[in-house]
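**Student:** Each position in the sequence shown, counted from 1, maps to that position plus 19 in my numbering.
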Amino acid sequence: MSYELLTFAELSARFSSLRQAPLGDRRAPHKPLLILLMLSRYQRRNFHSLLFEEAQDKLEGLLFEFGPPSRSINVLDPFWRLQNDGVWKVEDASGARVAETVDPPAATTLVDNTARGNFVPEIAATLQKQRAYIPRLVRELLTAHFPSTLHADICAAVGLELDNALQDVATEQRLVREAEFRPRIIRAYEYRCAVTGWDLRVGNIEVGLEAAHIKWHSAGGPSVETNGIALNSLHHKLFDLGAFTLSLGDGPPNILVSREVNGGDYARQLLIDLHRKPIRQPQDPAWIPDAAFVKWHHEEVFKGPARA
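(1) Between which two residues does the alpha helix (DSSP H) carrying W235 extend?
(2) I'd like to confirm the pairing. Which residues does DSSP put opposite G8 in its beta bridges?
(3) According to DSSP, what are the bridge partners of P297?
(4) Consult DSSP for V221 and reduce its assignment to one of helix, strand or coil.
(5) In the DSSP assignment, find the beta strand (DSSP E) that holds A163 and state where it starts and stops.
(6) Measuring only the C-alpha atoms, how far is L30 from Q149?
(7) Could you give the residue range of the alpha helix (DSSP H) that holds A329?
(8) Inspect the CB distances between the region 244-257 and the region 209-227 and report whether three or more fall short of 8 angstroms.
(9) Could you check the C-alpha separation between Y22 and I142 for me, to the nearest Å?
(10) Looking only at C-alpha atoms, which of K314, R38, F34 sits nearest to L160?
(11) Under the rule that 16 or more other beta-carbon atoms within 10 Å means buried, what is P308, buried or exposed?
(12) Count the other C-beta atoms from every protein chain shown that fall within 10 angstroms of the C-beta of A184, then say buried if there are 16 or more, exposed otherwise.
(13) Rounding to the nearest angstrom, what Cα-Cα distance links R100 and V139 in this structure?
(14) For the region 94-110 against the region 74-82, are there 3 or more C-beta pairs whose distance is under 8 angstroms?
(15) Using DSSP bridges, identify the partner residues of L265.
(16) Which whole-angstrom value describes the C-beta separation of I298 and P272, a residue pair presumed to lie in contact below a C-beta threshold of 8 angstroms?
(17) Look at the Cβ atom of W2, then the Cβ atom of E244, and state whether they are nearer than 8 angstroms.
(18) Compare the C-alpha of L37 against each of A144, A163, G239, E110 and name the closest.
(19) Can you look up N93 in the DSSP assignment and give me helix, strand or coil?
(20) Short of 7 angstroms in beta carbon distance, which residues of its chain neighbour L58, apart from the five on each side in sequence? Order them along the chain.
(21) Just to check, is the beta-carbon of D259 closer than 7 angstroms to a non-hydrogen atom of the ligand COA?
(22) Who are the near neighbours of Q39 in its chain, counting only those whose CB is closer than 6 angstroms to its CB and skipping five residues on each side?
(23) Pull up the distance between the alpha-carbon of V313 and that of L69, whole angstroms please.
(24) Since A28 is in the alpha helix (DSSP H), which residue starts that stretch and which ends it?
(25) Taking P51 and F321 to be in contact with their CB atoms under 8 angstroms, please state how far apart those CB atoms are, rounded to whole angstroms.
(26) Would L265 and L275 qualify as a contact pair, given that the criterion is a beta-carbon distance under 8 angstroms?
(27) Taking all protein chains shown into account, do 16 or more other C-beta atoms lie within 10 angstroms of the C-beta of F83, making it buried, or fewer, making it exposed?
(28) Taking the Cβ atom as the reference point for each residue, do D111 and A134 lie within a distance shorter than 8 angstroms?
(29) Is S242 near A262, with beta carbons less than 8 angstroms apart?
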């Protein structure tokens, strides 16, 4: 059976309106990560459906690395409920529906029925014929749900090839967004990393100094001084990965390093030995990180608990 192909605008609209549980400020990257996992198969011309057992194994790893650490890892819900968004179908080995329910059946039911998921036919047909749409969809999903520091790592983890065009667009989007935010944050911290003091220049050019959102921009975090901190590029990525966070309380926060962080002498020098040490304060006390944004980072990003 042939299906009428979708335009990219129609395809984009389907994936940009994913239903998510009413979590308020809390992150819910489960469905986007599952979609990215399936898009990686299509990019490699593997159009076969994804077995639930395979999805369970891979998605659990992705959620551990890139999902919110404060909640249990749930693969069953996104695998089943993605059907409600009109982009996904779950069938048994014979091509029949596994169950006629909105709520997911037991995981054992999916395993016993050799359940598998795939894009609905019109989306599958479009992506098979218009494979150039795949990196564009990837770009939109990553931008909507994750900070730019993690895009390459997520693509590598799901098996997507991050081509030069995608990298260039991601960089362009980040530069546009930071056009005003970065200079304000860098100036607030007097042109040095708030964690390490990094302030390297070549002539008058700053090297490797970035402005990090404490509450991610993709999660609705505002581009204001109290939601920003100046970090070198390495510690910016470590911050977005949840390797460290900031303490809550009155006055300038301290650095809290996760127990998940490990490494040798150089890793200890770069991060582990900074545990419990205060950040370098912004020049105006009114710009000290807001507790509400720090609390969000604790709950949605930090791979706690902190080290002893």
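We put the CB at the ideal spot given by N, CA and C, even for glycine.
**Tutor:** In this structure, then:
(1) Working through the sequence shown from its first residue, we reach residue 235 at position 216. In this chain, W235 is not harboured by any alpha helix (DSSP H), its DSSP state being neither H nor E.
(2) Residue 8 lies beyond the stretch modelled for the chain, which goes from 20 to 327, so this question has no answer here.
(3) Against the sequence shown, residue 297 aligns to sequence position 278. Looking at the DSSP assignment, P297 forms a beta bridge with N273.
(4) One-based indexing of the sequence shown puts residue 221 at position 202. Residue state, collapsed to three classes: strand.
(5) Along the sequence shown, one-based indexing puts residue 163 at 144. Where A163 is concerned, there is no enclosing beta strand (DSSP E), although the alpha helix (DSSP H) it sits in stretches over 152-164.
(6) Here residue 30 refers to the residue found at position 11 of the sequence shown. Here residue 149 refers to the residue found at position 130 of the sequence shown. Computed Cα separation, rounded: 11 angstroms.
(7) Only positions 20 to 327 of the chain appear in the structure, and residue 329 is not among them; the question remains open.
(8) yes
(9) By one-based count along the sequence shown, residue 22 stands at place 3. By one-based count along the sequence shown, residue 142 stands at place 123. Rounded to whole angstroms, Y22 to I142 spans 9 angstroms at the Cα level.
(10) Taking the sequence shown and counting its residues from 1, one reaches residue 160 at position 141. Selected option, being the one with the closest Cα: F34.
(11) Position 289 of the sequence shown holds residue 308. Buried, since its Cβ has 16 or more Cβ neighbours within 10 Å.
(12) Translated into the one-based positions of the sequence shown, residue 184 becomes position 165. The predicted position of A184 is uncertain, since its pLDDT is 47 and thus under 50; a value taken from the coordinates is nonetheless stated next. Looking at its Cβ environment, which holds fewer than 16 other Cβ atoms inside 10 Å, A184 is exposed.
(13) In the sequence shown, counting from the first residue as 1, residue 100 sits at position 81. In the sequence shown, counting from the first residue as 1, residue 139 sits at position 120. Rounded to the nearest angstrom, the two C-alpha atoms are 13 angstroms apart.
(14) With the cut-off at 8 angstroms, the region 94-110 and the region 74-82 touch.
(15) Within the sequence shown, residue 265 is the residue found at index 246, counting from 1. Beta-bridge pairing links L265 to I274.
(16) Residue numbering aside, residue 298 sits at position 279 when the sequence shown is read from its first letter. Residue numbering aside, residue 272 sits at position 253 when the sequence shown is read from its first letter. With a Cβ gap of about 6 angstroms, I298 and P272 count as contacting.
(17) Missing from the structure shown is residue 2; the chain here goes from 20 to 327 and no further.
(18) For the purposes of this step, residue 37 is taken as the residue at position 18 of the sequence shown. Residue A163 is the option with its Cα nearest to L37.
(19) Here residue 93 refers to the residue found at position 74 when the sequence shown is read from its first residue. In this structure, N93 counts as coil in the three-state DSSP scheme.
(20) Counting from 1 along the sequence shown, the entry for residue 58 is found at position 39. Taken in chain order, the residues that qualify are I153, L156, V157, L179.
(21) The model depicted lacks the ligand COA and carries no ligand whatsoever.
(22) Along the sequence shown, one-based indexing puts residue 39 at 20. Around Q39: A47.
(23) Numbered from 1 along the sequence shown, position 294 holds the residue referred to as residue 313. Numbered from 1 along the sequence shown, position 50 holds the residue referred to as residue 69. Answer to the nearest angstrom: the Cα atoms are 38 angstroms apart.
(24) Looking up residue 28 in the sequence shown gives position 9. Start and end: 27-35.
(25) Numbered from its first residue, the sequence shown carries residue 51 at position 32. Numbered from its first residue, the sequence shown carries residue 321 at position 302. Actually they are not in contact, since the Cβ atoms of P51 and F321 sit about 20 angstroms apart, beyond 8 angstroms.
(26) Position 246 of the sequence shown, counted from the first residue, corresponds to residue 265. Position 256 of the sequence shown, counted from the first residue, corresponds to residue 275. Going by C-beta atoms, L265 is nearer than 8 angstroms to L275.
(27) Along the sequence shown, read from residue 1 onward, the residue named residue 83 stands at position 64. Counting Cβ neighbours within 10 Å, F83 comes out exposed, since fewer than 16 surround it.
(28) For this step, residue 111 is matched to residue 92 along the sequence shown. For this step, residue 134 is matched to residue 115 along the sequence shown. It is a contact, given that the beta carbons lie within the stated cut-off.
(29) One-based indexing of the sequence shown puts residue 242 at position 223. One-based indexing of the sequence shown puts residue 262 at position 243. Judged by their CB atoms, S242 and A262 are not nearer to each other than the 8 angstroms cut-off.
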